[in-house]
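A short worksheet on the structure shown next.
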Amino acid sequence: MKRFSHLLVAFDGKEDSKEALKLAINLSKQLNAVITVAHVFKRKVVDATDESLQYMPRAGYTAGGLQNYPPPMASQTSFDEERKPVVYEDGAEEIVAEARMILEENNSTANIKILDGDPVDEITSFASEENVDLIVMGSRDISGLKKLLFGSVSEKVSHQTPIPVLIAK
């Protein structure tokens with residue numbers, strides 16, 4: 001019989017992943033297993049030269065009744081000259097903080113990793129690299145055409161990995 005000593009929980013902060021984390025915490029206590037929580041996001045890069053990007057007002061700030069107060073020269077100059085892409089993340093730190101809070105509420109600990117890329121690919125490859133024994137995921141309630149066209153992440157992970165996947169409902 002296979003021993004589950006290392007559990008991986010895919011966590012995105014939504015209700016189904018919170019349930020998956022709670023289930024993994026309960027299992028880890030019963031099995032004396034280690035938990036790793038993984039949050040996967042796709043990095044979004046936006047071109048700073050895009051005129052629709054409202055990064056910093058060129059004419060000045062509008063706050064507290066002070067309109068057209070000129071911005072600091074260093075900030076305006078560096079923005080105008082460098083024009084570097086701006087990277088947006090999906091609030092990964094806030095989502096990880098939420099996972100930590102759930103772990104603390106349940107008197108549990110876990111290793112926490114933030115991964116960048118396609119959720120299915122990242123979860124399956126990370127689980128293999130870390131020698132995970134069981135992947136615990138939530139089940140999002142999608143149905144109909146959306147499920148037929150896209151499928152769910154948990155369904156795709158369960159088909160692409162040889163590691164057992166427990167889907168919390």
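FYI, the numbering for the sequence shown is 1 to 169, going by the UniProt record's numbering. Beta carbons are placed, not taken as given, at the ideal position from N, Cα and C, and that holds for glycine.
Per DSSP, the bridge partner or partners of residue i
{"i": "V9", "result": "V37, V136"}
{"i": "I25", "result": "None, per the DSSP bridge assignment."}
When the options are compared against residue i, the one with the closest alpha-carbon
{"i": "E15", "options": "M137, K113, H6", "result": "M137"}
{"i": "A38", "options": "Q160, N32, I95", "result": "I95"}
{"i": "T109", "options": "S5, L8, I25, G13", "result": "I25"}
{"i": "L115", "options": "N32, E129, A168, A33", "result": "E129"}
{"i": "P162", "options": "I123, S152, A168, K169", "result": "I123"}
{"i": "G117", "options": "R3, R43, K22, T36", "result": "R43"}
{"i": "A33", "options": "K22, S5, Q160, L21", "result": "S5"}
{"i": "F126", "options": "V157, R100, N107, S28", "result": "V157"}
{"i": "L8", "options": "V40, D133, A168", "result": "D133"}
{"i": "D121", "options": "E155, K169, I167", "result": "E155"}
{"i": "residue 252", "options": "Q160, A92, M101", "result": "Limits of the chain in this structure are 1 at one end and 169 at the other, which puts residue 252 out of reach."}
{"i": "K113", "options": "L31, K29, T36, K2", "result": "T36"}
{"i": "L27", "options": "F41, E93, N106", "result": "N106"}
{"i": "F41", "options": "K169, A92, K2, L23", "result": "A92"}
{"i": "residue 170", "options": "I167, N131, S152", "result": "Outside the displayed range of the chain (1 to 169) lies residue 170, so it cannot be described from this structure."}
Extent of the continuous beta strand (DSSP E) run through residue i
{"i": "D116", "result": "111-116"}
{"i": "I167", "result": "165-168"}
Burial state of residue i (16 or more Cβ within 10 Å)
{"i": "A97", "result": "exposed"}
{"i": "A10", "result": "buried"}
{"i": "D12", "result": "buried"}
{"i": "E104", "result": "exposed"}
{"i": "P119", "result": "buried"}
{"i": "A59", "result": "Note on A59: pLDDT 48, under 50, position unreliable in the model; the coordinate value appears next. Exposed, because fewer than 16 other Cβ atoms sit within 10 Å of the Cβ of A59."}
Range of the contiguous alpha helix (DSSP H) that encloses residue i
{"i": "I123", "result": "119-129"}
{"i": "I95", "result": "92-105"}
{"i": "K156", "result": "153-160"}
- prompt: Touching or not, the stretch 126-137 and the stretch 4-21, by the rule of three or more beta carbon pairs under 8 Å?
  reply: yes
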